[in-house]
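Protein sequences appear in the order of chains A and B. Here the first sequence is numbered in the working numbering, starting from 1 and rising by one per residue. Here the second sequence is numbered in the working numbering, starting from 326 and rising by one per residue. Cβ coordinates follow ideal geometry from the N, Cα and C atoms, glycine included. Computed from a prediction, not measured in an experiment: that's the story for all the values here. Heads up, the thing below is written out as structure tokens.
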Amino acid sequence: MLAYILRRAGQSVFVVLTMAALVFVSVFAIGNPIDILLAPDADQIEREAAIVRLGLDKPMWEQFGVFLWNMLHGDLGRSFVHGSDAVHLILGRLPATLELAIVALVMAALIGVPLGIVAGLNSDSWIGRSVMTGSIIGFSLPNFWFGIMMILFFAVELQWLPSGGRGPTGTLFGLEFSLLNPAGWPNLVMPAMTLAIYKVSLVIRLAYAGTREAMLQDYVRFARAKGLSRSRIVGVHVLKNILIPIVTVLGLELGSMIAFAVVTETVFAWPGMGKLLIDSIARLDRPVIVAYLMIVVGMFALINLIVDILYSVLDPRVRITETAG
Amino acid sequence: MTDAALTSAAVAPPVETPFRRFASDFFANKVAAVALVIIVILALLAIFAPWVTPQNPYDLTQISIFDNMLKPGAKSMEGKTFWLGTDEQGRDMFSAMIYGLRMSLFVSAVATSIAVLVGVSLGVTAAYFGGRVDSIIMRIVDLQLSFPAILIALILLAALGKGVDKVILALMLVQWAYYARTVRGNALVERRREYIEAAQCLALPRYRIIFRHLLPNCLPPLIVIATVQVAHAISLEATLSFLGVGVPITEPSLGLLISNGYKYILSGKYWVSVFPGLMLLLTILSINLVGDHLRDLLNPRLKA
Numbered sequence: 001m002l003a004y005i006l007r008r009a010g011q012s013v014f015v016v017l018t019m020a021a022l023v024f025v026s027v028f029a030i031g032n033p034i035d036i037l038l039a040p041d042a043d044q045i046e047r048e049a050a051i052v053r054l055g056l057d058k059p060m061w062e063q064f065g066v067f068l069w070n071m072l073h074g075d076l077g078r079s080f081v082h083g084s085d086a087v088h089l090i091l092g093r094l095p096a097t098l099e100l101a102i103v104a105l106v107m108a109a110l111i112g113v114p115l116g117i118v119a120g121l122n123s124d125s126w127i128g129r130s131v132m133t134g135s136i137i138g139f140s141l142p143n144f145w146f147g148i149m150m151i152l153f154f155a156v157e158l159q160w161l162p163s164g165g166r167g168p169t170g171t172l173f174g175l176e177f178s179l180l181n182p183a184g185w186p187n188l189v190m191p192a193m194t195l196a197i198y199k200v201s202l203v204i205r206l207a208y209a210g211t212r213e214a215m216l217q218d219y220v221r222f223a224r225a226k227g228l229s230r231s232r233i234v235g236v237h238v239l240k241n242i243l244i245p246i247v248t249v250l251g252l253e254l255g256s257m258i259a260f261a262v263v264t265e266t267v268f269a270w271p272g273m274g275k276l277l278i279d280s281i282a283r284l285d286r287p288v289i290v291a292y293l294m295i296v297v298g299m300f301a302l303i304n305l306i307v308d309i310l311y312s313v314l315d316p317r318v319r320i321t322e323t324a325g
Numbered sequence: 326m327t328d329a330a331l332t333s334a335a336v337a338p339p340v341e342t343p344f345r346r347f348a349s350d351f352f353a354n355k356v357a358a359v360a361l362v363i364i365v366i367l368a369l370l371a372i373f374a375p376w377v378t379p380q381n382p383y384d385l386t387q388i389s390i391f392d393n394m395l396k397p398g399a400k401s402m403e404g405k406t407f408w409l410g411t412d413e414q415g416r417d418m419f420s421a422m423i424y425g426l427r428m429s430l431f432v433s434a435v436a437t438s439i440a441v442l443v444g445v446s447l448g449v450t451a452a453y454f455g456g457r458v459d460s461i462i463m464r465i466v467d468l469q470l471s472f473p474a475i476l477i478a479l480i481l482l483a484a485l486g487k488g489v490d491k492v493i494l495a496l497m498l499v500q501w502a503y504y505a506r507t508v509r510g511n512a513l514v515e516r517r518r519e520y521i522e523a524a525q526c527l528a529l530p531r532y533r534i535i536f537r538h539l540l541p542n543c544l545p546p547l548i549v550i551a552t553v554q555v556a557h558a559i560s561l562e563a564t565l566s567f568l569g570v571g572v573p574i575t576e577p578s579l580g581l582l583i584s585n586g587y588k589y590i591l592s593g594k595y596w597v598s599v600f601p602g603l604m605l606l607l608t609i610l611s612i613n614l615v616g617d618h619l620r621d622l623l624n625p626r627l628k629a
């Protein structure tokens, strides 16, 4: 077990290092940082002084070493626009994004699992077919357009929900969360629903396939023979068995939700780190772009690592085949 | 052969080829058939855009700023009717949408075609040679697939800048890995079949074995993935354009049209973002419905 975790962690470190190299090359080799850092009217002496100060006269590998060293110390440069430390700037926006992603994830599970099970149990009737067709529509909806349509319908026409922004928040451990303040809930509904819609379809498909497969298994037949009620068979035995793959996939999807939050946050002006990224790209604020990238890469590597380890705990076969192979 | 056999052959339906059987299976599903027809119509509209639209939305001599933000069905200064309204520059929404669809389909189709070529070549190479070549290619595939496509595309475009060619490059780079992985998986199975062994015994050149014998037998599952990926590419391109890193403003795609309409949503001017979005949804949905049905047809496990 320990050998598996260590080897898997080694792979994650390798992924982060590779991505760091790619980010380094794309930012420092494609663009000239001097052009961005200095005012266009800087003279030759100022330019050379800046080149020496930034270490740009050193060989490429040495510069990369410095970049990695600074990264290990949590220093990815200062924002040109905000003037503050890029890492702190992004971490300050992290709670808003994480909250949005987690609420969306829970929504996806709560809506998707029941619909998928119902469709799986009635796969030959119109209920099953319409749920599955609905899931294809969910897959096809362009995320940002769905968000805009929600604003048009619920904020402009019906005026039930606010069209954007985060609204009032509650504080926990010095961090702000909308969930802690009921007055902030209406602001959370539309962004979370927009972010969740694609995953709802995904969960429906997983639950549908899982239910159809589980209903043919011997343990279901045995539970039926034992005289258990249908609701108990489905609610306890089938549900438990189909939840394992769904939890795994949703865990993996948390990362992609954080990435997709970029779109949702832009539509709803949600002050998370995705909106910060888009604003930084528009203003060419390179340190913030690099910092966002490295933080997200690190987060992805960590999420993948945790899911793999959890999976190997839940299902020993993974661990054994990995070690044997 | 007797006379009776000859006459019965003459009245018998046309010979059942694998393709004909597949086509009749495909059209047995009404929803998928309708979706396919919609795709064909949309593609024709896009290809023949200059002939089917009432105006060229990029020809400044044909549009008038006085016609800007007209409601659907309103009449222009010259008495023309704009059935879907006009945008902020006085362009007919219907014409702008068809041209936008043309851009969206062009970018996605080109990107997907190149990605299929690159992914298939690398996937087959990895499977055929195995060993170090295989592990290097597959490590890159794993690395790339562990990050969401939107993030990779966003970063690439932030570094490269705007432009149709850059969007195509970004969409290609986020897609190839799917094809490489799928083809490698199939090729690994096919490689051990007798016909490859026979070809090797005949001392055929390697490229011939790979491209004439191995590759054609790995293609069917690829058709499904490529279909679904075109839909993904269209959606991704629209999203990138909405975020402001996609196609330039001079050549708007459907995503950029929606992005323009987004500004007017709070004032209730719905038509600038609703109609292009509906067209986008119709396009992606039709492709997904066809892809979904193709998957059912080509999946041997569901045949039983």
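Does residue i come out as helix, strand or coil in the three-state DSSP assignment?
{"i": "D327/A", "result": "A query on residue 327/A cannot be resolved here, the shown segment of chain A reaching from 1 to 325 and no further."}
{"i": "R516/B", "result": "coil"}
{"i": "D85/A", "result": "strand"}
{"i": "D417/B", "result": "strand"}
{"i": "D308/A", "result": "helix"}
{"i": "L582/B", "result": "helix"}
{"i": "L614/B", "result": "helix"}
{"i": "T411/B", "result": "strand"}
{"i": "K400/B", "result": "strand"}
{"i": "F14/A", "result": "helix"}
{"i": "L175/A", "result": "strand"}
{"i": "R78/A", "result": "strand"}
{"i": "G210/A", "result": "helix"}
{"i": "T339/A", "result": "Nothing in the structure corresponds to residue 339/A, since chain A is present only between 1 and 325."}
{"i": "T406/B", "result": "strand"}
Check the C-beta distance from residue i over to residue j and give it rounded, since I have them as a contact under 8 Å.
{"i": "S429/B", "j": "L579/B", "result": "5 Å"}
{"i": "V249/A", "j": "T211/A", "result": "Wrong, their Cβ atoms sit about 15 Å apart, outside the cutoff."}
{"i": "V200/A", "j": "G255/A", "result": "The Cβ separation is near 18 Å, so there is no contact."}
{"i": "A524/B", "j": "H538/B", "result": "5 Å"}
{"i": "P287/A", "j": "A86/A", "result": "4 Å"}
Does chain B have any CB closer than 9 Å to the CB of residue i?
{"i": "V189/A", "result": "no"}
{"i": "V13/A", "result": "no"}
{"i": "N304/A", "result": "yes"}
{"i": "M107/A", "result": "no"}
{"i": "G325/A", "result": "Because G325/A carries a pLDDT of 38, less than 50, the predicted location of this residue cannot be relied on, and the following value inherits that uncertainty. Not closer than 9 Å to any Cβ of chain B, the Cβ of G325/A fails to qualify, so no."}
{"i": "W160/A", "result": "no"}
{"i": "I309/A", "result": "no"}
{"i": "P156/A", "result": "The sequence as given places Val at residue 156/A; Pro does not occur at that position. Interface residue, yes."}
{"i": "I136/A", "result": "yes"}
{"i": "F64/A", "result": "no"}
{"i": "V220/A", "result": "no"}
Here's the rule I'm using: 16 or more other beta-carbon atoms within 10 Å means buried, otherwise exposed. How should residue i be labelled?
{"i": "A21/A", "result": "exposed"}
{"i": "I90/A", "result": "buried"}
{"i": "T575/B", "result": "exposed"}
{"i": "E253/A", "result": "buried"}
{"i": "M326/B", "result": "The pLDDT assigned to M326/B is 45, lower than 50, so where the model puts this residue is not dependable; a value taken from the coordinates is nonetheless given after this. Label assigned to M326/B: exposed."}
{"i": "L2/A", "result": "exposed"}
{"i": "D417/B", "result": "buried"}
{"i": "L367/B", "result": "buried"}
{"i": "V46/A", "result": "Looking at the sequence provided, one finds Glu at residue 46/A rather than Val. Counting Cβ neighbours within 10 Å, E46/A comes out exposed, since fewer than 16 surround it."}
{"i": "L606/B", "result": "buried"}
{"i": "F373/B", "result": "exposed"}
{"i": "G83/A", "result": "exposed"}
{"i": "Q500/B", "result": "buried"}
{"i": "Y219/A", "result": "exposed"}
Considering only C-alpha positions, which residue in the set the options is nearest to residue i?
{"i": "F454/B", "options": "D384/B, K396/B and R509/B", "result": "R509/B"}
{"i": "S584/B", "options": "F472/B, T564/B and S592/B", "result": "T564/B"}
{"i": "P577/B", "options": "G425/B, R345/B, Q414/B and A478/B", "result": "G425/B"}
{"i": "F10/A", "options": "L310/A, L305/A, Y311/A and S312/A", "result": "According to the sequence provided, residue 10/A is Gly. The question's Phe does not apply to it. Nearest of L310/A, L305/A, Y311/A and S312/A to G10/A, Cα basis: L305/A."}
{"i": "P397/B", "options": "Q387/B, G410/B and I363/B", "result": "G410/B"}
{"i": "L188/A", "options": "L314/A, G167/A and A155/A", "result": "G167/A"}
{"i": "V103/A", "options": "G134/A, M193/A, Q217/A and N122/A", "result": "M193/A"}
{"i": "Y503/B", "options": "L470/B, L623/B and L529/B", "result": "L470/B"}
Would a check of beta-carbon distances place residue i closer than 9 Å to chain A?
{"i": "D617/B", "result": "yes"}
{"i": "F567/B", "result": "yes"}
{"i": "P379/B", "result": "no"}
{"i": "G510/B", "result": "no"}
{"i": "V599/B", "result": "yes"}
Consider the Cβ of residue i: report whether some Cβ of chain E lies at a distance smaller than 9 Å.
{"i": "A483/B", "result": "The chain labelled as chain E is not found among the protein chains of the depicted structure, namely A and B."}
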